[in-house]
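S.K.: Sharing a structure below in structure tokens format, with a few things to ask.
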Amino acid sequence: MGKSLTVKSRRSDNKHSFAGFTMIEVLAVLIVLAVVMTVVLSRTPSIDREAYAQRAIIRAHLRFAQSLAMSSNTDTWEIAFTSNSYTLFQNGLPASINLPNDSTSTHNLPNGVAITSGIGTIVFDEWGSPGTDTITITVNTEPITVTRLTGFIL
């Protein structure tokens, strides 16, 4: 009269069933991704990392000179640029303090990095302003801009 119900597993051998990937499958995918990324990165235009780093350093040094000028009501602080270096000046004379992370008041650019335009002197007043003209300094091919009146450095 009574039928017995039996529950059958999906697997006939009653062994454990695991869902997921094996370690070999994961490693194979990672290796394929690494090869694809290597090909993609080798075909992208190279970034001039040294020039990029030097532009960041120049911006920091400009901000340093600007902050010195804003903290002094009587002294003028300026940075004079040549094609391969720049120097911090106080009241028209080489400064007696060093540029941040440098051992002198002059910073020499490494080989392959040059200031291609904007050679001259930027003078900051007590308000941090470079004057009435916007000044652009080009390092290799990328500009650094010091905005007129406000002194905003970009």
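In our numbering, the protein residues as written are 247 to 400.
Each residue gets a CB set at the ideal place from its N, CA and C atoms; glycine is no exception.
1) In angstroms with no decimal places, state the Cα-to-Cα distance between Thr333 and Phe327.
2) For a test of the three-state rule: what should DSSP assign to Phe398, helix, strand or coil?
3) Pop quiz: Leu308 and Ile361 are said to be a contact at Cβ under 8 Å. What is the actual Cβ separation, rounded to whole angstroms?
4) Consider the Cβ of Thr333: report whether some Cβ of chain E lies at a distance smaller than 8 Å.
5) Out of Ser313, Phe310, Ser317 and Arg301, state which residue places its alpha-carbon closest to the alpha-carbon of Ser331.
6) Given a cut-off of 8 Å on the beta-carbon distance, is the pair Pro346 and Phe310 in contact?
7) Nearest CA to the CA of Ile365: which residue from Ala299, Ile325, Asn357 and Ser342?
8) At which residues does the alpha helix (DSSP H) containing Ile383 begin and terminate?
9) Mind checking Ser363: buried by the 16 CB within 10 Å criterion, or exposed?
10) So what's Thr322 in DSSP terms, helix, strand or just coil?
M.R.: Short version:
1) The residue you call residue 333 lines up with position 87 of the sequence shown. The residue you call residue 327 lines up with position 81 of the sequence shown. A direct Cα-Cα distance of roughly 7 Å separates Thr333 from Phe327.
2) Looking up residue 398 in the sequence shown gives position 152. Phe398 falls in the coil class under three-state DSSP.
3) The residue given as residue 308 occupies position 62 in the sequence shown. The residue given as residue 361 occupies position 115 in the sequence shown. Contact flag wrong, Cβ pair sits at about 13 Å.
4) Absent from the structure: chain E. Only one protein chain is present.
5) Translated into the one-based positions of the sequence shown, residue 331 becomes position 85. It is Arg301.
6) The residue you call residue 346 lines up with position 100 of the sequence shown. The residue you call residue 310 lines up with position 64 of the sequence shown. Cβ atoms of Pro346 and Phe310: closer than 8 Å.
7) Translated into the one-based positions of the sequence shown, residue 365 becomes position 119. That would be Ile325, whose Cα lies nearest to the Cα of Ile365.
8) As a first step, residue 383 must be located in the sequence shown, where it is residue number 137. Secondary structure note for Ile383: it is in no alpha helix (DSSP H), and the uninterrupted beta strand (DSSP E) holding it is Ile381 to Val385.
9) Counting from one through the sequence shown, the residue named residue 363 turns up at place 117. Exposed.
10) For the purposes of this step, residue 322 is taken as residue 76 along the sequence shown, with counting starting at 1. When secondary structure is reduced to three states using DSSP, Thr322 falls in the coil class, being assigned neither helix nor strand.
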